[in-house]
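J.:
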Amino acid sequence: MMEHFGVLAVALLIATVGAQDTSSNYLLTGHSTPLASSFAHQFFTLASQSAELANRTNTQVIQTYEDRTYDDELCDRDINLIRDSINNLEEWALEFPDTWGRLPMGLFWGHTISMGQYEECVAASSTHTTEIRGQYCLASLNITTFYQSVKKRGEEFSRISYKQTDPEVFELGICVPKTCSAAKTEKLLNIFFSLIIFFMVASSVYDYIQTRKGAPKKPLLIAFSVLTNAPKIFTVKKVNNPNVIHCLNGLRCFSMMWVVFGHGYMTFYDLPHINKNKFYTWVQTPYSMLVQNGSLCVDTFFFMSGLLMCWGAFREMERTKGKLNIPMMYFHRYIRLTPVVAVVVLYIMSLYKYSGAGPMWFKLGTQDKRCADTWWATLIYVQNYAFPYSICISQSWYLAVDTQLYFLSPLFLIPLWKWGKKALVPIVIVLILCLGGTFATFMLNDFTLFRVQDDHVDLRQRLTYYPTHTRIPTWLIGVIFGYFLFTRNRGRQIPMSKPLVLTGWFVAFGTMLACMWGPYWRILPDTPDSPLIEGAFFEPLSRTSWALAIGWIVWACYNGHGGLVNDFLSWGFFTGFSRLCYCMYVIHRIVQLVNAARLQTDTHFSNYDDGM
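Residues -19 to -1, 1 to 593, numbered by mature numbering (1 follows the signal peptide of the UniProt record, and there is no 0), are exactly what the sequence shown covers, in order.
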């Protein structure tokens, strides 16, 4: 059956290009159809003859819900029957070519995919005694030779000066018969969410009745109550507690929104944009640096994690006179993080494949295949080392690093409690060694400054982005700030002169701007690639510099030197919103992938569509 697919796609392109020569045959049975009867006969005749074209064509069959088996004899029978039915102008048969993609407008601007009509294809069925149903396929046609021939003739095919490669394939949606059972419905997914809604309604009704009666409530029965949980989540009352650093709520919320924003671009970049080449213009804009350098928001999270780890541990050791219940600390951490992760893993491995279908599903809807082999590593938080190339929940690498640092934290915190500033010396040494390790990794592997220009994307991620030992410097900076905030000025504010405060804010914002937009000129047209040593210095130093700038913001806000910045970051709304950040972090990527994978039509690249 597979040998037929290449001919189907190529023949369709020929038919579309030659439309003006056969326009008199287009009006069939009162419908405007892209395939003349004579061409349809030729098309389905060729489908059983050419193996040469099939060898140069790679076609992905979109399996919507279940595994399918194919029978070549049945496929040949169905194709011949469709051919004969098209000759007889039977409407059910004309639906098959009607669903195919066309040679799109804007091919030279990156519009190299035409998905056709997915829903019409899978709904297509025969009125014949022999049942024939449609099956959607996405054919990948190699067009490298075509582009090279155009360039050799001196034809201008693009005005984009960005460093890009020629497109290698043209992807075309086609519809052929399927020889297996009908696809399953999304019944299980509907049942799952219906049960959740039912529990919420039932729990809320019980909560309301007990409240009106003034009767006690059983905690288990109000676990899903909206009336009880919503006020807890969105409490906006601000308490003047010296043990609370209010500005962290705002930093956490903005960092979370930044993560979702960046992942939105990453997800929707792979979609079939009709103006795909505009992306290569977009990456040259200053605005794009918020995405290209967006990993800095992760360093904000690592800084806050180290600060709060130190702050919380010191409060506990103050209460217990220097003792730290390490086993209970580990247990509490695992129980706090794992339920949400476990639910998402379970969803991916069971219901995820029923969440959608479409031409892009085989590209973007593959999380369940990753989880099949790596789920256990996600649940024990070692996925960043065990399976860096196939992480079950892609963004959960951060949870692995943060958990590993949490388990290592007693090695730093107990000496800090016992020996104070003397223990800072080995901490700084570890920090410098890890920075040096990242520098050496860049130099030894010839990594460039930005991943968008890097030929070793996966290797760079594995060696410098996911490992705990490359992320610990910003976490240690957070620990150091947490130590000084707790031991030097907890509950009291350190006075500073206004010029000194202004200087601090100026340096902090200047540092953040340099970290974010400093390398911008390197991505401009006709700019040479950055030297290896430049990227090797920038990668580790930008992370630590960013963490130091965030440290100033926290320190200044806590000591009363934050002004409007502190008022905004400490706004009560962020207190409620920050309680949702962890769940948002674990869940948001799955939602984005499902929304993208379900797409069945071409899209338009823009900041609004891809960043929202």
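C-beta: ideal position from N, C-alpha, C; glycine also. Model, not experiment: these values are computed from the prediction.
(1) Apply the 10 Å Cβ neighbour rule to I226 and answer buried if 16 or more other Cβ atoms are within range, or exposed otherwise.
(2) Assuming Y250 and Q581 make a contact with CB atoms under 8 Å, what is their CB distance in whole Å?
(3) For Y311, tell me which candidate among L332, L389, W502 has the shortest Cα-Cα distance.
(4) Check whether the Cβ atoms of residue 629 and Y187 sit closer than 8 Å, and answer yes or no.
(5) Sort out for me which residues DSSP pairs I203 with in a bridge.
(6) When the Cα of L513 is compared with those of T525, F420, K199, which residue comes out closest?
(7) Any idea what DSSP makes of R560, helix, strand or coil?
(8) Can you give me the Cβ contacts of F586 inside the same chain, cut-off strictly under 6 Å, excluding the 5 residues immediately before and after it?
(9) Check the DSSP bridge columns for I94 and list the partner residues they point to.
(10) Using 10 angstroms around the beta-carbon of Q474, count the other beta-carbons present and answer buried if the total reaches 16, otherwise exposed.
(11) Residues in the same chain with beta-carbon distance under 7 Å from E515, minus the five sequence neighbours each way, listed in chain order, please.
(12) Quick one: Cα of M477 to Cα of I453, how far?
(13) For H437, which of helix, strand or coil comes out of DSSP?
(14) Looking at the unbroken alpha helix (DSSP H) that takes in H244, where does it start and where does it end?
(15) Buried or exposed, going by whether 16 or more other CB atoms sit within 10 Å of the CB of I113?
(16) Take M270 and list the residues in its own chain whose beta-carbon comes closer than 7 Å to its own, dropping the five residues that flank it on each side.
(17) Under 8 Å by Cβ, that's how I've got D349 and Y333 pegged, so tell me the actual separation to the nearest angstrom.
(18) With a threshold of 16 other CB atoms inside 10 Å of the CB of L481, please say whether the residue is buried or exposed.
(19) So what's S587 in DSSP terms, helix, strand or just coil?
(20) Which value, in whole angstroms, describes the spacing of the CA atoms of W356 and G339?
(21) By the three-class DSSP mapping on this structure, what secondary structure does S551 have?
(22) Using the Cβ count rule (16 or more neighbours within 10 Å means buried), how would you classify R441?
(23) Can you tell me whether R314 is helix, strand or coil according to DSSP?
(24) What are the partner residues of H254, as DSSP defines its beta bridges?
(25) Could you name the residues of the same chain whose beta carbon sits closer than 6 Å to that of N588, not counting the 5 residues immediately before and after it, in chain order?
(26) Decide if the region 312 to 327 is in contact with the region 360 to 372; the criterion is three or more beta carbon pairs, one per stretch, under 8 Å apart.
(27) Quick one: measure Cβ to Cβ for I372 and V567, integer angstroms, because I've assumed they're closer than 8 Å.
(28) If you follow the alpha helix (DSSP H) that E72 is in, where does it begin and where does it stop?
(29) Can you tell me where the alpha helix (DSSP H) holding A353 begins and where it ends?
(30) So which of L208, A196, G195 has the shortest CA-CA distance to A183?
(31) Helix or strand or just coil, what does DSSP make of I504?
(32) If you check the beta carbons only, do P231 and S551 fall under 8 Å apart?
(33) Is D383 helix, strand or coil by DSSP?
(34) Figure out for me which residue from T422, I534, I504 has the closest Cα to the Cα of V264.
(35) For L574 and I178, what's the separation of their Cα atoms in angstroms?
(36) Tell me whether G463 is buried or exposed, calling it buried when 16 or more other Cβ atoms sit within 10 Å of its Cβ.
T.: In terms of the structure at hand:
(1) buried
(2) That belief does not hold up - the Cβ atoms of Y250 and Q581 are roughly 18 Å apart, past 8 Å.
(3) L389
(4) Beyond the ends of the chain as shown, which are -19 and 593, falls residue 629; an answer cannot be given.
(5) Answer is none; I203 lacks a bridge partner.
(6) F420
(7) coil
(8) H254, N256, K259, F260
(9) E152
(10) exposed
(11) L430
(12) 31 Å
(13) coil
(14) 228 to 249
(15) buried
(16) M497, W498, Y501
(17) 5 Å
(18) exposed
(19) coil
(20) 25 Å
(21) coil
(22) buried
(23) helix
(24) T584
(25) none
(26) yes
(27) Not quite, the Cβ-Cβ distance comes to about 13 Å (not below 8 Å), so this is no contact.
(28) 72 to 79
(29) 348 to 360
(30) L208
(31) helix
(32) Looking at the sequence provided, one finds Gly at residue 231 rather than Pro. Yes, the Cβ-Cβ distance between G231 and S551 is below 8 Å.
(33) helix
(34) I504
(35) 23 Å
(36) buried
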